[in-house]
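Numbering (my numbering), first residue to last: 1 to 140.
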């Protein structure tokens, strides 16, 4: 199921104009760690997020910001092999201010791109949630 979903993500992003990454549990799994994957977290630019949402054949649910995360947009895509959460220009609240989450590394693993292992762990740690900290530990 994950492989089929990643193929769908790659196809949806073929016309992307900006770099994009799979992050979260799917990226941790792609780096070889054993973890469950309930959905695919997709980090894209706002303009590529709009393109993906416009072309999605299934259900698109737009979400809002939280006190920890915001993106333009945040959307959950249903109807593919797995749910996909699209985060356009994601920001995380750290140290009293909003910081853009934009990986410096981009590694092709199969048909998709992920941050390099050490950088992915750092991103997950910046999120600060227990599940993200656990996933970061799997990458060490």
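Yeah, the Cβ is synthetic: ideal placement off N, Cα and C, and Gly gets one too. A quick note: this is a predicted structure, and the numbers were derived from the prediction, not measured.
To the nearest angstrom, how far is the alpha carbon of residue 15 from that of residue 105? 20 Å
The ligand COA heavy atoms versus the CB of residue 119: any closer than 6 Å? Although the ligand COA was asked about, the structure shown includes no ligands whatsoever.
Leaving out the 5 sequence neighbours to the left and right, which residues in its chain are closer than 7 Å to residue 97 when beta-carbon positions are compared? none
Flag this pair as touching only if the segment 21-40 and the segment 73-85 have three or more C-beta atom pairs under 8 Å; answer yes or no. yes
Please give me, in chain order, every unbroken run of the beta strand (DSSP E) with length at least 3 that falls completely inside the segment 40-69. 40-44 and 59-63
Below 7 Å between beta carbons: does that hold for residue 28 and residue 138? yes
Express the C-alpha separation of residue 33 and residue 140 in angstroms, rounding to a whole number. 10 Å
Just how far apart, CA to CA, sit residue 38 and residue 67? 23 Å
In or out: residue 80 buried (at least 16 other Cβ within 10 Å) or exposed? buried
Which residue's Cα is closest to the Cα of residue 117: 48, 50 and 135? 135
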